[in-house]
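Going by my numbering, the first residue of the sequence shown is number 19, and it counts up by one from there.
Even glycine gets a Cβ: it sits at the ideal position worked out from N, Cα and C.
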Amino acid sequence: MPTLSRWFIKLGMLYLLVGLFIGSLMLVQPTFGLSPSLQVLRPVYLHFLFIGWVTQIIMGVGYWMFPKYSKEAPRRSEKLGWFVLIMLNVGLVLRAIGEPAMVLSPQPGFGWMLALASMCLLLAGWGFILNTWARIKER
Numbered sequence: 019m020p021t022l023s024r025w026f027i028k029l030g031m032l033y034l035l036v037g038l039f040i041g042s043l044m045l046v047q048p049t050f051g052l053s054p055s056l057q058v059l060r061p062v063y064l065h066f067l068f069i070g071w072v073t074q075i076i077m078g079v080g081y082w083m084f085p086k087y088s089k090e091a092p093r094r095s096e097k098l099g100w101f102v103l104i105m106l107n108v109g110l111v112l113r114a115i116g117e118p119a120m121v122l123s124p125q126p127g128f129g130w131m132l133a134l135a136s137m138c139l140l141l142a143g144w145g146f147i148l149n150t151w152a153r154i155k156e157r
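Next up, the structure:
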């Protein structure tokens with residue numbers, strides 16, 4: 019398994035772990051009298067599960083298992099693959115910080131963080147498609 023795929027998959031599992039922990043906190047919040055402000059973590063919980071875990075696992079396995087591009091560059095561009103991994107995770111971390119901050123303390127200063135997070139996630143998605151598209155071909 020390529021190193022890049024291992025990073026995608028391990029980080030994906032980490033997001034699953036953190037996402038489930040956040041979900042558990044939100045679930046037990048009324049029972050144990052935890053702060054109702056924990057509900058601001060709902061978007062973080064959803065992003066960690068759907069983008070951090072599911073999407074990242076799919077990208078890691080896709081990078082590893084999709085048909086080879088060529089003998090010289092079997093997985094196409096490794097640099098672009100690393101760029102995708104970095105942008106995806108930077109975007110998720112920025113969103114995890116910016117989304118609750120905007121709800122708890124609405125200030126124009128936090129808007130840039132969400133915009134940057136969205137751009138990082140968009141670039142990650144485009145980069146993955148660009149790097150993978152040519153590997154999907156007929157035999």
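Check for me: the alpha helix (DSSP H) holding residue i runs from which residue to which?
i	result
I27	21-50
R166	As displayed, the chain neither begins before 19 nor continues past 157, which places residue 166 out of reach and without an answer.
L132	126-150
W82	74-83
V62	60-65
Would you kindly work out how many angstroms separate the C-alpha atoms of residue i and residue j, rounded to a whole number?
i	j	result
G99	L34	21 Å
Y127	G116	Note that residue 127 is Gly in the sequence shown here, rather than Tyr. Near 10 Å, if we compare the C-alpha coordinates of G116 and G127.
S88	W82	14 Å
I69	L103	12 Å
F26	I75	6 Å
V58	G78	29 Å
A114	R153	33 Å
S42	L29	20 Å
I147	I40	30 Å
S136	R60	17 Å
K155	A91	15 Å
G37	S95	30 Å
S123	Y63	19 Å
L141	L56	30 Å
P118	M31	23 Å
L22	K97	10 Å
L110	F66	7 Å
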